[in-house]
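> So the protein sequences, as listed, match chains A and B.
For the first sequence, position 98 matches number 100 in my numbering, and the numbering has no gaps at all.
For the second sequence, position 16 matches number 18 in my numbering, and the numbering has no gaps at all.
There are 2 protein chains.
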Amino acid sequence: MDDGPYYLDDLSVGQRFTTGEYVLDADGAVAFASQWDPQPFHTDKEAAAGTFFGELVASGWYTAAITMRLLVEGLPIAGGVIGAGGEIAWPTPTRPGAVLHVEAEVLEVRPSRSRPDRGMAVVRFETVDRDGAVAQVFTATMVVPRRPAPEDAGT
Amino acid sequence: MDDGPYYLDDLSVGQRFTTGEYVLDADGAVAFASQWDPQPFHTDKEAAAGTFFGELVASGWYTAAITMRLLVEGLPIAGGVIGAGGEIAWPTPTRPGAVLHVEAEVLEVRPSRSRPDRGMAVVRFETVDRDGAVAQVFTATMVVPRRPAPEDAGT
Chain A
3 MDDGPYYLDD
13 LSVGQRFTTG
23 EYVLDADGAV
33 AFASQWDPQP
43 FHTDKEAAAG
53 TFFGELVASG
63 WYTAAITMRL
73 LVEGLPIAGG
83 VIGAGGEIAW
93 PTPTRPGAVL
103 HVEAEVLEVR
113 PSRSRPDRGM
123 AVVRFETVDR
133 DGAVAQVFTA
143 TMVVPRRPAP
153 EDAGT
Chain B
3 MDDGPYYLDD
13 LSVGQRFTTG
23 EYVLDADGAV
33 AFASQWDPQP
43 FHTDKEAAAG
53 TFFGELVASG
63 WYTAAITMRL
73 LVEGLPIAGG
83 VIGAGGEIAW
93 PTPTRPGAVL
103 HVEAEVLEVR
113 PSRSRPDRGM
123 AVVRFETVDR
133 DGAVAQVFTA
143 TMVVPRRPAP
153 EDAGT
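#1: Helix, strand or coil for residue 157 of chain B, going by three-state DSSP, please let me know.
#2: Kindly indicate which three-state DSSP category residue 64 of chain B falls into: helix, strand or coil?
#3: Under DSSP, the alpha helix (DSSP H) around residue 37 of chain A begins and ends at which residues?
#4: In chain B, what lies closer than 8 Å to residue 71 of chain A by C-beta?
#5: Chain B partners of residue 83 of chain A, CB-CB under 9 Å?
#6: Take residue 51 of chain A and list the residues in its own chain whose beta-carbon comes closer than 8 Å to its own, dropping the five residues that flank it on each side.
#7: Report yes if the C-beta distance between residue 74 of chain B and residue 15 of chain B is below 8 Å; otherwise report no.
#8: Just curious, the alpha helix (DSSP H) that residue 96 of chain B is in, first and last residue?
#9: For the alpha helix (DSSP H) that contains residue 48 of chain B, what are its first and last residues?
#10: DSSP three-state call for residue 74 of chain A: helix, strand or coil?
#11: According to the neighbour-count rule (16 or more other Cβ atoms, all chains shown, within 10 Å of its Cβ), is residue 150 of chain A buried or exposed?
#12: Under 9 Å Cβ-Cβ, which residues of chain B neighbour residue 89 of chain A?
#13: Short of 8 Å in beta carbon distance, which residues of its chain neighbour residue 3 of chain B, apart from the five on each side in sequence? Order them along the chain.
#14: Can you tell me which of the three DSSP states residue 109 of chain B falls into?
#15: How would you list, in chain order, the residues of chain B whose beta-carbon sits under 8 Å from the beta-carbon of residue 53 of chain A?
#16: Among residues of its own chain, excluding the 5 on either side of residue 22 of chain B, which ones have a beta-carbon nearer than 7 Å to its beta-carbon?
#17: Tell me which residue opens and which closes the beta strand (DSSP E) that residue 138 of chain A is part of.
#18: Taking only beta-carbon atoms, is residue 67 of chain A less than 8 Å away from chain B?
#19: From B:118, B:140, B:133, B:129, pick the residue whose C-alpha is nearest to that of residue 148 of chain B; which is it?
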């Protein structure tokens with residue numbers, strides 16, 4: 003497959019994509035969590051020891067943000083990476099030092115009946131560490147434009 | 003109900019909580035998206051005009067981050083606000099200027115069979131603007147500790 007941009011017409015069930023990598027380090031994890039998820043197990047190595055996790059782990063929303071950035075950089079969908087929502091899970095806590103990438107698999111491709119210029123694609127995004135540990139699974143419904151008909155078609 | 007912290011034993015189906023407010027402004031939305039969701043409809047008012055949204059809108063992940071911060075500040079669950087995952091949706095695009103708060107409703111409370119010190123609570127979190135527009139719905143499975151038995155019980 004070429005490098006895109008991909009229209010709905012270019013997607014098919016079972017198709018896979020892989021993004022580049024992002025190093026989730028402690029400084030980044032603590033900075034993000036201090037602003038958006040300020041809980042001791044995300045912001046303070048010492049204090050984290052006495053919590054549910056027992057150690058400093060990344061906020062799931064930091065993993066989600068990193069995942070989105072990897073997708074914007076690595077998944078050239080025509081019109082942009084636009085999700086309507088989906089099912090998100092963080093199967094294992096993610097520790098600083100994780101080197102994450104996203105593995106995507108197209109599960110469903112559905113042209114819109116009411117809007118001929120677009121459709122929906124259901125895509126499973128697994129955010130994984132180099133050792134295969136799954137930091138996040140996001141099965142999302144994406145809004146994807148149809149490929150425009152050539153202006154001169156049929157002439 | 004008192005101000006917490008809430009253990010699983012303090013939660014019941016139908017219980018509701020409301021958080022404080024957060025003003026989602028354009029500077030914050032653009033700063034977040036520039037780092038985590040760098041697409042023109044999230045980062046550039048002029049360029050956004052020619053996109054799917056037709057105007058600058060907040061990244062759904064920014065709404066998610068704001069939601070989490072409001073919950074950490076406003077939902078005093080014992081041990082912290084810890085989600086295993088859930089279903090997330092952004093029913094309407096959120097424009098800068100939105101003043102968001104979160105309305106939570108407990109849908110399910112389930113003590114763990116294997117771990118007597120904890121359980122799961124399913125909670126629906128609606129992130130809403132002052133005019134009632136729903137920016138995000140997150141129906142999450144939370145990990146919540148049981149209330150510890152008093153040391154001197156039965157003496």
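Note that CB positions come from ideal geometry on N, CA and C, so glycine has one too.
Fair warning: this is a prediction, and the values are worked out from it, not measured in the lab.
According to the data block:
#1: Because the pLDDT at residue 157 of chain B is just 46, under 50, the model does not fix this residue reliably, and the value given afterwards should be weighed accordingly. Coil.
#2: helix
#3: 28-38
#4: 37, 38, 39, 40
#5: 39, 41
#6: 57
#7: no
#8: Unbroken run through residue 96 of chain B: none, as it is neither H nor E.
#9: Looking at the DSSP string, the run of the alpha helix (DSSP H) that includes residue 48 of chain B is 47-50.
#10: helix
#11: exposed
#12: Proximity of chain B to residue 89 of chain A at the Cβ level (cut-off 9 Å) is accounted for by 87, 88, 89, 90, in chain order.
#13: Note that residue 3 of chain B has pLDDT 48, beneath the 50 cutoff, so the model's placement of it is unreliable and the number below is only indicative. 12, 17.
#14: strand
#15: 81, 82, listed in chain order.
#16: 72, 75, 76, 103
#17: 136-147 is the span of the beta strand (DSSP E), which, as asked, contains residue 138 of chain A.
#18: yes
#19: Measuring from the Cα of residue 148 of chain B, the nearest candidate turns out to be B:118.
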